[in-house]
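Protein chains in written order, with the numbering used here: chain C, 1 to 383; chain U, 384 to 766.
Just so it is clear, CB atoms sit at the ideal spot from N, CA and C, and this is done for glycine as well.
Here is the structure we will look at.
2 protein chains.
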Amino acid sequence: MAEKADPRIKFGILGCISIARLARAIASSTSATLHAIASQQQHSADEPAGFSPVEGVAAKKLYGSYEELLDDEEVDAVYVALPTSHHARWAAEAARRGKHVMVEKPPALDLEALTEIVEACEGSGVQFMDATMWLHHPRTVAMKAFLSDQEAFGEIKEMHTSVTFKVSPSFLKNDVRVKPDLDALGALGDAGWYCIGSILWAADYRLPRTVTALPGTVFNEAGVIMSCGASLQFEGSFVSTFQCSFLSSMTMDMVANGSKGSLRACDFVLPFDEARASYYTSSGAWFLEGLAGWAPSPVEHAVATDRQQVVFMVEEFSSLVKGIKRDGVKPDLKWPEISQKTQLVVDKVKLSIDRGGGRQCRNLIGLVLLVFFAIIVNFLFLL
Amino acid sequence: MAEKADPRIKFGILGCISIARLARAIASSTSATLHAIASQQQHSADEPAGFSPVEGVAAKKLYGSYEELLDDEEVDAVYVALPTSHHARWAAEAARRGKHVMVEKPPALDLEALTEIVEACEGSGVQFMDATMWLHHPRTVAMKAFLSDQEAFGEIKEMHTSVTFKVSPSFLKNDVRVKPDLDALGALGDAGWYCIGSILWAADYRLPRTVTALPGTVFNEAGVIMSCGASLQFEGSFVSTFQCSFLSSMTMDMVANGSKGSLRACDFVLPFDEARASYYTSSGAWFLEGLAGWAPSPVEHAVATDRQQVVFMVEEFSSLVKGIKRDGVKPDLKWPEISQKTQLVVDKVKLSIDRGGGRQCRNLIGLVLLVFFAIIVNFLFLL
Numbered sequence: 001m002a003e004k005a006d007p008r009i010k011f012g013i014l015g016c017i018s019i020a021r022l023a024r025a026i027a028s029s030t031s032a033t034l035h036a037i038a039s040q041q042q043h044s045a046d047e048p049a050g051f052s053p054v055e056g057v058a059a060k061k062l063y064g065s066y067e068e069l070l071d072d073e074e075v076d077a078v079y080v081a082l083p084t085s086h087h088a089r090w091a092a093e094a095a096r097r098g099k100h101v102m103v104e105k106p107p108a109l110d111l112e113a114l115t116e117i118v119e120a121c122e123g124s125g126v127q128f129m130d131a132t133m134w135l136h137h138p139r140t141v142a143m144k145a146f147l148s149d150q151e152a153f154g155e156i157k158e159m160h161t162s163v164t165f166k167v168s169p170s171f172l173k174n175d176v177r178v179k180p181d182l183d184a185l186g187a188l189g190d191a192g193w194y195c196i197g198s199i200l201w202a203a204d205y206r207l208p209r210t211v212t213a214l215p216g217t218v219f220n221e222a223g224v225i226m227s228c229g230a231s232l233q234f235e236g237s238f239v240s241t242f243q244c245s246f247l248s249s250m251t252m253d254m255v256a257n258g259s260k261g262s263l264r265a266c267d268f269v270l271p272f273d274e275a276r277a278s279y280y281t282s283s284g285a286w287f288l289e290g291l292a293g294w295a296p297s298p299v300e301h302a303v304a305t306d307r308q309q310v311v312f313m314v315e316e317f318s319s320l321v322k323g324i325k326r327d328g329v330k331p332d333l334k335w336p337e338i339s340q341k342t343q344l345v346v347d348k349v350k351l352s353i354d355r356g357g358g359r360q361c362r363n364l365i366g367l368v369l370l371v372f373f374a375i376i377v378n379f380l381f382l383l
Numbered sequence: 384m385a386e387k388a389d390p391r392i393k394f395g396i397l398g399c400i401s402i403a404r405l406a407r408a409i410a411s412s413t414s415a416t417l418h419a420i421a422s423q424q425q426h427s428a429d430e431p432a433g434f435s436p437v438e439g440v441a442a443k444k445l446y447g448s449y450e451e452l453l454d455d456e457e458v459d460a461v462y463v464a465l466p467t468s469h470h471a472r473w474a475a476e477a478a479r480r481g482k483h484v485m486v487e488k489p490p491a492l493d494l495e496a497l498t499e500i501v502e503a504c505e506g507s508g509v510q511f512m513d514a515t516m517w518l519h520h521p522r523t524v525a526m527k528a529f530l531s532d533q534e535a536f537g538e539i540k541e542m543h544t545s546v547t548f549k550v551s552p553s554f555l556k557n558d559v560r561v562k563p564d565l566d567a568l569g570a571l572g573d574a575g576w577y578c579i580g581s582i583l584w585a586a587d588y589r590l591p592r593t594v595t596a597l598p599g600t601v602f603n604e605a606g607v608i609m610s611c612g613a614s615l616q617f618e619g620s621f622v623s624t625f626q627c628s629f630l631s632s633m634t635m636d637m638v639a640n641g642s643k644g645s646l647r648a649c650d651f652v653l654p655f656d657e658a659r660a661s662y663y664t665s666s667g668a669w670f671l672e673g674l675a676g677w678a679p680s681p682v683e684h685a686v687a688t689d690r691q692q693v694v695f696m697v698e699e700f701s702s703l704v705k706g707i708k709r710d711g712v713k714p715d716l717k718w719p720e721i722s723q724k725t726q727l728v729v730d731k732v733k734l735s736i737d738r739g740g741g742r743q744c745r746n747l748i749g750l751v752l753l754v755f756f757a758i759i760v761n762f763l764f765l766l
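Pasting the structure below:
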């Protein structure tokens, strides 16, 4: 049997949006193979229809429609690299046809659409995972161990994350992430996904009590978010903030502060160096005698890796798929849960932005008082 | 004449609250001398009344009342180290008697009280300065030069600062900063003063358009702020956040992000090392080929110093006083302006906290609709 001959998980990719990294990761993974690519995009004259060339990567099959790829019984798992507005339809369809599903982040435009995908996966008993790579990096595991250390870090109190990058004029005009019909969440769904995800990760996936957008959201002409932020407040006096943007210099900062120690990373979404990722910890810092300074200063910890984080992700996903396919293991529900909770908070930030969140309530209080006064005058008339 | 024999500025210190550092700085400065200390505090049995001993520091005169020190015509300048609630009275009184005034931070409980001090200084033609030391460190000058570099940093877009330290149970019970009658601003006036000051410093002392407290303010039993945060939004889509606390591990983080570069420091309020202060810059960061990482990572810049920042502050203040006293130069109005703007924003954060700032306006909107409905029903009755 062919399956026994090649034990690797056969991936099919739907769409051509930034698939290069994942396609290469699949190619370089020992547990997965790129079986097929399907594209329905409009192509320029120098690109063959139905195929988006990825340098150094070859798929066994190329399809001109997503339907055809999903009809291919050899495909074990699909990676949905379509604009976000198309995720729900195609990821759910893939799941209904028994394909395991990995979806580019943000996995959906809102929780309702994501739930459609997740329920389709549950119904078919297939694995769901969104393609948030940094969660699979060994550094992330090491940082989490520090955050969980009651002696060194204690209880989490404050956190700030910032994921920003200054996009090109061409991106601002053409990228799917600036188009209301394709990826209406803009910077919130893209860079903000990492910010919110990192805060929930640090909070052990507890959900925040309040989600309040910061003032100063920037929209493009079509109303898509180019820059925004929010505060997330949790039980136990843990308060976090984040800022995400397409309009400022590249940052991927995370600072988490506990009752006893602090954690910092400047590149948490993607390490500066694919072979070596650093994070910084400090515990029990206090003033030196005579206030001559304070100590300890943050200590660097470097995690060496032999693979890019995207490869770790593909291998983790493939391993789960293998377990389900070969050993009858149940899908790991941790991954859809992480996605759904992150998406829920994205929804709440969006709602708070739409409602003008973070605005002072002062004017409304004035209005309420005025109206009460009017009622009293009214009643006096009645008497 | 005695004045010619000793050209140093003669300092008098009012009060004994954390005067050790400043007393030593005056002693080690070549431009100032500690002439007198006045204390009216209640003392424990093992402390002589009217004198708080500062190891290794000797004042020429010790007074048992502030009045006596202010009557001493030899005193050029006073450092007001009283609880914040007493600043306005004594700093203004010192100014009216022709003494130059340096006030411990926060300089006052609110802008009104600070303005009383500043106006008394203006009326007497004396120098005013609050004792925010980090503004006088050479590193601060170097960091500002980077922020002002249009090529390397560009226009400021986001900033987050965090000043926190976990105080002892004894501090939580006894320190002036937890007492509503002494320093009702608590962590906001102490740690938050640095956060707000650093954001205004980065914003070239423009004032924010909106000031909104973050949810999750923590108060002690007496209603004093132990932990809080806010967002400050400026013209030009610059949005900043800060968090200050007496309840979490020590941090003094500043991250400022511009359109072209970013600036970081982990110890901006007080360098880890008094001889060497670092900050980190990065400009033009972008993804590497194949998304294998990104570059450049932040570059460390170290500023070596031969003095503590408190000495730089005392020398800057003494130099201004000398200019006024000997050369008829006008007081430098930059310093009261910085203090007043910082205090104004402290006031606004406090107001936003008192008003439940950061809360969603949703419930109020519902209330307004309800009340309008009631009015309409009312009018129907009238008809």
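For Val550 of chain U, the secondary structure class from DSSP, reduced to helix, strand or coil, is coil.
Using a C-beta cut-off of 8 angstroms, the region 605 to 618 of chain U makes contact with the region 213 to 227 of chain C, since at least three inter-stretch Cβ pairs fall below that distance. Per DSSP, reduced to three states, the secondary structure at Glu315 of chain C is helical. The straight-line gap separating the alpha-carbon atoms of Gly197 of chain C and Asp493 of chain U is approximately 39 angstroms. In the DSSP assignment, Gln243 of chain C falls within the unbroken beta strand (DSSP E) covering 238 to 245. Proximity of Ala295 of chain C to chain U, defined by a Cβ-Cβ separation below 8 angstroms, is satisfied. Comparing alpha-carbon positions, the option among U:Arg659, U:Ser680, U:Arg479 lying closest to Ser645 of chain U turns out to be U:Ser680.
Taking the beta carbon of Val218 of chain C as reference, the chain U residues within 8 angstroms of it are Ser620, listed in sequence order. Nearest Cα to Cys244 of chain C within the set C:Lys157, C:Lys260, C:Asp71, C:Met226: C:Met226. Spatial neighbours of Leu147 of chain C in its own chain (CB-CB distance under 8 angstroms, excluding positions within 5 residues in sequence) are listed in chain order as Phe153, Ile156, Ala202, Ala256, Gly258, Leu263. Annotation for Gly229 of chain C: Leu214, Phe242, Gln243 place their beta carbon closer than 6 angstroms to its own, counting only its chain and skipping 5 residues before and after.
For Leu232 of chain C, DSSP records a beta bridge to C:Val211, C:Ser240. Each residue's CA atom was taken as its position, placing Val461 of chain U and Lys482 of chain U some 6 angstroms apart. Just so you know, the alpha carbons of Trp669 of chain U and Val311 of chain C end up roughly 21 angstroms apart.
U:Thr547 is the residue among U:Thr547, U:Asp454, U:Arg592 whose C-alpha sits nearest the C-alpha of Asp573 of chain U. The CB of Trp286 of chain C comes closer than 9 angstroms to the CB of Phe548, Lys549, Met633 in chain U, given here in chain order. Here DSSP, grouped into helix, strand and coil, assigns Tyr194 of chain C to helix. For Val103 of chain C, the enclosing beta strand (DSSP E) covers residues 100 to 103.
Taking the CA atoms as reference points, Val501 of chain U sits about 7 angstroms from Phe511 of chain U. Contact between Leu497 of chain U and Ala477 of chain U is ruled out by a C-beta separation of about 14 angstroms, above the 8 angstroms threshold. The straight-line gap separating the alpha-carbon atoms of Gln150 of chain C and Asp558 of chain U is approximately 27 angstroms. Annotation: Thr413 of chain U to Glu699 of chain U spans about 11 angstroms, alpha carbon to alpha carbon.
When 9 angstroms is used as the limit between beta carbons, Gly229 of chain C is near these residues of chain U: Glu541, Ser614, Val622, Thr624, in chain order. Look at Asn257 of chain C: its C-beta is under 8 angstroms from a C-beta on chain U. In the three-state reduction of the DSSP assignment, Met516 of chain U falls in the helix class. For Ala120 of chain C, the nearest beta carbon of chain U is not closer than 8 angstroms to its own beta carbon.
Taking a cut-off of 8 angstroms for Cβ pairs, the region 166 to 173 of chain C and the region 246 to 256 of chain C touch, as three or more such pairs fall below it.
Among the CB atoms of chain C, one or more fall inside 8 angstroms of the CB of Gln691 of chain U. Gly395 of chain U places its beta carbon less than 8 angstroms from that of His418 of chain U. Leu214 of chain C reaches chain U at Thr595, Ser614, Gln616, Val622, Thr624, counting residues in chain order whose Cβ is nearer than 8 angstroms.
Using a 10 angstroms sphere on the CB of Lys341 of chain C, the tally of other CB atoms reaches 16 or more, which defines it as buried. Counting only the Cα atoms, His136 of chain C lies some 28 angstroms from Ser666 of chain U. In the structure shown, the three-state DSSP call for Lys540 of chain U is strand. Comparing C-alpha distances from Ala408 of chain U to each of U:Ala421, U:Lys393, U:Ser422 shows the shortest one belongs to U:Lys393.
Proximity of Cys649 of chain U to chain C, defined by a Cβ-Cβ separation below 8 angstroms, is satisfied.
For Val686 of chain U, the three-state secondary structure derived from DSSP is strand.
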